[in-house]
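Peer 1: To start, I am sharing the structure in question, which I have written as structure tokens.
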Amino acid sequence: EVEGMSYYELLEIDPKASEREIKKAFRSMALKYHPDKIKSEATEEEKSYAESRFMRMSKAYEILSNEMLRNRYNELLSHGIYDYDEKVWNQFLYDSTPGSRGGFAGFTGETPWWVDASMTAVLATCVVLPLSMIWKEKKRKEKADQNKKATFLNSIKDTTAAASAAAEKCSDPAPSRPKKVHVEQEFDEDQLEILRNSYKTASSPVTAGGIEASSGG
Numbered sequence: 145e146v147e148g149m150s151y152y153e154l155l156e157i158d159p160k161a162s163e164r165e166i167k168k169a170f171r172s173m174a175l176k177y178h179p180d181k182i183k184s185e186a187t188e189e190e191k192s193y194a195e196s197r198f199m200r201m202s203k204a205y206e207i208l209s210n211e212m213l214r215n216r217y218n219e220l221l222s223h224g225i226y227d228y229d230e231k232v233w234n235q236f237l238y239d240s241t242p243g244s245r246g247g248f249a250g251f252t253g254e255t256p257w258w259v260d261a262s263m264t265a266v267l268a269t270c271v272v273l274p275l276s277m278i279w280k281e282k283k284r285k286e287k288a289d290q291n292k293k294a295t296f297l298n299s300i301k302d303t304t305a306a307a308s309a310a311a312e313k314c315s316d317p318a319p320s321r322p323k324k325v326h327v328e329q330e331f332d333e334d335q336l337e338i339l340r341n342s343y344k345t346a347s348s349p350v351t352a353g354g355i356e357a358s359s360g361g
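Structure follows, in structure tokens:
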């Protein structure tokens, strides 16, 4: 019985009631159906009904005390919908059936296509794109690390090759210089006499003068 009642019927007010009248009605009905106000001798059925009605009354007050939500609810109520639900309202406004201005033509109770499209866009922007950027940054760092490692290994190779060449050069024996060989030649007395006379003749000024005198005669 409670489920088939509109919010206005639950609060026992007119659909054109003012905000003040709605508030007053809710307080009055809450005192009547609040679980703490139910008499202890009440049956389980009465307690269950009071609890169910109080919960729907609270929802009714929440919707009807908000002008925007109340206007939406009135639109849904005109199509036989007694409870306000955001999902149902969205379906009502953006029904994809061709030629409909909304309403419940072709209503399936499923999420509207535009909601799915919006969620897909949000997912792509907030999840997929950041993950793609993180993956690209990771690959860039890995490539930079590989290049750095390759450069380091090449420098090690060059240093090792230079050290090996220097070590080989140091281990080679120094080229030996030709030794001066002092040859002592022995001369006999006749040879020595000839050498002495040759030296004296080449260095004697008398000989030089004699040559000049002979050339003048």
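Counting from 1, position 30 in the sequence shown corresponds to residue 174 in the working numbering; the numbering is continuous, with no gaps.
Glycine included, every Cβ here is placed at the ideal spot set by N, Cα and C.
Because the structure is a prediction, the values reported are computed rather than measured.
(1) Given that a residue counts as buried once 16 or more other Cβ atoms are within 10 Å of its Cβ, and exposed if not, what is Gln-235?
(2) List the endpoints of the continuous alpha helix (DSSP H) containing Ile-166.
(3) With DSSP run on the structure shown, which of helix, strand or coil describes Met-149?
(4) Taking DSSP as the reference, what is the three-state secondary structure of Thr-187?
(5) Taking three-plus beta-carbon pairs below 8 angstroms as touching, is the stretch 215–227 in contact with the stretch 166–179?
(6) Do Ile-207 and Tyr-152 have their beta-carbon atoms positioned less than 8 angstroms apart in this structure?
(7) Do Ser-209 and Lys-167 come within 8 angstroms of each other at the CB atom, strictly closer than that value?
(8) If you drop the 5 nearest sequence neighbours on each side, which residues of the same chain put their C-beta closer than 6 angstroms to that of Trp-131?
(9) How far does the alpha helix (DSSP H) with Asn-215 in it extend, from its first residue to its last?
Peer 2: The relevant details are as follows:
(1) Buried is the call here.
(2) Segment 163–177, the alpha helix (DSSP H) holding Ile-166.
(3) Coil.
(4) Looking at Thr-187 - three-state DSSP - the assignment turns out to be coil, as it is neither helix nor strand.
(5) The stretch 215–227 vs the stretch 166–179: no contact.
(6) Taking 8 angstroms as the Cβ cut-off, Tyr-152 and Ile-207 do not qualify as a contacting pair.
(7) Yes, Cβ-Cβ distance for Lys-167 and Ser-209 is below 8 angstroms.
(8) The chain is shown from 145 up to 361; residue 131 falls before or after that span and cannot be answered.
(9) Annotation for Asn-215: the continuous alpha helix (DSSP H) segment containing it runs 211–221.
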